[in-house]
Every structure is written in C-alpha cells, then in structure tokens.
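All remarks here apply to the structure that follows.
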Amino acid sequence: MPTPILSTRRGFTLIELLTVIAIIGILAAIIIPTVGKVRETAKASICTSNIRQVGMALRLRAEDHKGLLPKPLYNAP
Numbered sequence: 010m011p012t013p014i015l016s017t018r019r020g021f022t023l024i025e026l027l028t029v030i031a032i033i034g035i036l037a038a039i040i041i042p043t044v045g046k047v048r049e050t051a052k053a054s055i056c057t058s059n060i061r062q063v064g065m066a067l068r069l070r071a072e073d074h075k076g077l078l079p080k081p082l083y084n085a086p
C-alpha cells in the first residue's frame, strides 16, 4: 500500500513556528531597551571625555601664556 505524499513531507508545524516567533519577540523586547541605555551611557562618556580634553587644552594654553586664558569671542550684553 503506497503512503500518501503529505505524510512523507518533513517540516515545521504551526505551533513550532509560533513558539519560535514568540521567543524571538520576547528576546527583542528585553534587548532593545538595554541597547538604548548602553548608547546613552556611551554618549555621556564621550561628552565627559570631550569636556575633559577642552579643560586640558585650556590649562596647557594658560601655562604657555603666563597663566592667561583666551579672551572671549563675543561680548555678553
């Protein structure tokens, strides 16, 4: 007796596919906010480093010019 063609096909069931999609969704929901926080922390670190470098540049310039800082580029009202 020949076996039907459909019974010999191999593949994933609908339940298995839905389970995998649900797991991927849960992982994405956990990872996406974490990535955002990491990016914010990285930006804050870069900003802190930039401010530190500007301060160091001003200090070095003052040492080279008898302790004087640069004059402002504009006059405040």
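Just add 9 to the spot in the sequence shown (first one is 1) and you have our numbering.
Positions of the beta carbon are idealized from the N, C-alpha and C atoms, including for glycine.
Boundaries of the alpha helix (DSSP H) in which residue i is found, first to last residue
i          : result
residue 59 : 23–73
Through-space distance from residue j to residue i, alpha-carbon basis
i          : j          : result
residue 37 : residue 24 : 20 Å
residue 74 : residue 81 : 15 Å
residue 77 : residue 84 : 18 Å
residue 57 : residue 50 : 11 Å
residue 27 : residue 53 : 40 Å
residue 47 : residue 30 : 26 Å
heavy atom of the ligand PLP below 7 Å from residue i C-beta
i          : result
residue 86 : Questions concerning the ligand PLP fall outside what the structure shown contains, since it holds no ligand whatsoever.
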